[in-house]
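Residue numbers (the working numbering), protein chains in the order written: chain A, 1 to 412; chain B, 1001 to 1094.
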């Protein structure tokens, strides 16, 4: 049976939320900018009024101001964005238990089993109306028979549009889109494709599975599957804690680790990716586990309960370092090391704040990490790094997340 | 933030108010009266409807209460926020 999958994407999410809360901003070109006070800030979101000036997500603030001197740049309010994200998912889950988030402002919903006599397009329209009424922002929805096409669809009639892509019409709609629009086609893949004269998604499909596999290996086969509408990956249920029991990452290092500083660099690197994935999934860990493999390949694990759940890389690293110091004396170098957060709780659940902790400082730390996520999502992992990681080029420059995540991130 | 941005971020359409409320044994919250900026207390005669809604005028989201005050229909919001639970009303013509 053909599936009915929606992809719902909040339109210029952060900018729309700021315009909702600050009515006077409406009608002006507005952007949300990371670290507005700093010279290094970038545009995280911009509204439709700013678009004709050429203001784009990812630009440096000074660059955006040059293009649009009247641009109003406001600082991000992540607490609001997280709240909206939660409520948005809540609305979607009224239509199916199968809701899979992709970042804060996008989700897939598989409504195949819960159509109730309606079409996917009708459900999409209802979702759009509800989001507008209940959340005061707009959402665009793509409806199709697989996740790839529904995601493409949600981008085709923005803002506040429904786009239905069927078995019958995908050749006229999806295949005309540039190859770069396809999930998983990054800059380097796009370059390669262009060399072969492949410009559109249709071109990818027409090149054929065999050719693509020959030229690009397994990844080529994926691309073919996506472009030809043959993707069958399921929408994964979210929020079911049984599904995700722990989030972890480990690595065999480019060289054996000799001392605490080596371990610190690698653990911080791994913790960054673990923390980022936790935030993506919407979980915090109550327990941190480290696993150590010595150069004689013996292996052990140690764990530590945290005073309060966390999804912050520095806190995960701190706990990991405590475990390491208490349990390892460096008689032998370490071949590989791993860190994982377990005992997960949803990040929206009430947190018992510790008595003596500075709550304001922690909120700040959370905001910094969200900003890091955003920058990395748009520019790649090494766009921003902790200073400690520079102490050792080899150890510090692992892209822990990409190296250990099946591409595309958070999707396959 | 520069002065212009600060001005545009001001929001004088949203008025937070002190509310006297009842809480039913089912956990429902019912506003009974509120105090407007000028200090006057307004009695709420009846709650007509409760549903989740955004206020575009005041800028905010939450549970929207349609209430009758002195024979007229008005909206008030129990705001969703991470701090949670503040009441606001829209300033008409603000």
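Every residue, glycine too, gets a C-beta built ideally from N, C-alpha and C.
Would you please verify whether the beta carbon of residue 1061 (chain B) is less than 9 Å from any beta carbon of chain A? yes
Within a Cβ cutoff of 7 Å, which residues of the same chain sit near residue 222 (chain A), ignoring the five residues on either side of it in sequence? So the qualifying residues of the chain are 184.
Return the chain-ordered list of same chain residues with a C-beta closer than 6 Å to the C-beta of residue 1041 (chain B), the five sequence neighbours on each side being excluded. These residues qualify, in order along the chain: 1033, 1035.
Within the continuous beta strand (DSSP E) that includes residue 287 (chain A), where are the two ends? 283-294
Through-space distance from residue 60 (chain A) to residue 386 (chain A), alpha-carbon basis: Each residue's alpha carbon lies about 20 Å from the other.
Along the chain, where does the alpha helix (DSSP H) containing residue 81 (chain A) start, and where does it finish? 78-92
Under three-state DSSP, which class holds residue 1013 (chain B)? coil
Please confirm whether residue 7 (chain A) and residue 1009 (chain B) have their CB atoms less than 9 Å apart. Contact flag unset, no.
Does residue 79 (chain A) get closer than 9 Å to chain B when you measure Cβ to Cβ? Yes, contact with chain B.
If the cut-off is 7 Å on Cβ atoms, which residues from the stretch 126-160 of chain A count as contacting chain B, listed in chain order? 133, 134, 135, 136
Under 9 Å, do residue 164 (chain A) and residue 153 (chain A) count as touching if we go by C-beta distance? In this structure, the beta-carbon distance from residue 164 (chain A) to residue 153 (chain A) falls below 9 Å.
In this structure, does DSSP put residue 105 (chain A) in helix, strand or coil? Coil.
Using 8 Å as the threshold, is the stretch 100-108 of chain A in touch with the stretch 57-77 of chain A, meaning 3 or more CB pairs across them? Between the stretch 100-108 of chain A and the stretch 57-77 of chain A there are fewer than three C-beta pairs closer than 8 Å, too few to call the two in contact.
Any beta carbon from chain A within less than 9 Å of residue 1092 (chain B)'s own beta carbon? no
Mind checking residue 201 (chain A): buried by the 16 CB within 10 Å criterion, or exposed? buried
According to DSSP, is residue 166 (chain A) part of a helix, a strand, or is it coil? coil
Let me confirm a value: residue 240 (chain A) is counted as buried when at least 16 other C-beta atoms fall within 10 Å, else exposed. Which label applies? Its pLDDT being 45, under 50, residue 240 (chain A) is placed unreliably by the model, and the measurement read from it follows with that caveat. Flag for residue 240 (chain A) reads exposed.
Hey, is residue 322 (chain A)'s beta-carbon within less than 9 Å of any beta-carbon in chain B? no
Range of the contiguous beta strand (DSSP E) that encloses residue 309 (chain A): Bounds of the beta strand (DSSP E) holding residue 309 (chain A) are 299-310.
Answer yes or no: does any C-beta atom of chain B fall closer than 9 Å to that of residue 83 (chain A)? Residue 83 (chain A) counts as touching chain B.
Listed in chain order, which residues of the stretch 9-40 of chain A have Cβ atoms closer than 7 Å to some Cβ of chain B? So the list reads 20, 21, 22, 23, 24, 25, 28, 36, given in the order they occur along the chain.
For residue 385 (chain A), does the three-state DSSP call read helix, strand or coil? Coil at residue 385 (chain A), not helix or strand.
Could you name the residues of the same chain whose beta carbon sits closer than 6 Å to that of residue 323 (chain A), not counting the 5 residues immediately before and after it, in chain order? 290, 302, 304
Within chain A, partners of residue 1010 (chain B) - CB distance below 9 Å: 22, 24
Just how far apart, CA to CA, sit residue 84 (chain A) and residue 68 (chain A)? 28 Å
In chain order, what residues of the same chain have a beta carbon less than 7 Å from the beta carbon of residue 275 (chain A), not counting five sequence neighbours either side? 311, 312, 313, 316, 369
Cβ-based burial, residue 1077 (chain B) [other Cβ within 10 Å; buried from 16]: buried
7 Å Cβ shell around residue 372 (chain A) - same chain, five flanking residues per side excluded: If we look at residue 372 (chain A) and ignore the five residues flanking it on each side, its Cβ neighbours are 384.
What residues from chain B crowd round residue 87 (chain A), counting only those whose CB sits closer than 9 Å? 1052, 1061, 1080
If contact means a Cβ-Cβ distance below 8 Å, which residues of the stretch 60-75 of chain A contact chain B? 72, 73, 74, 75
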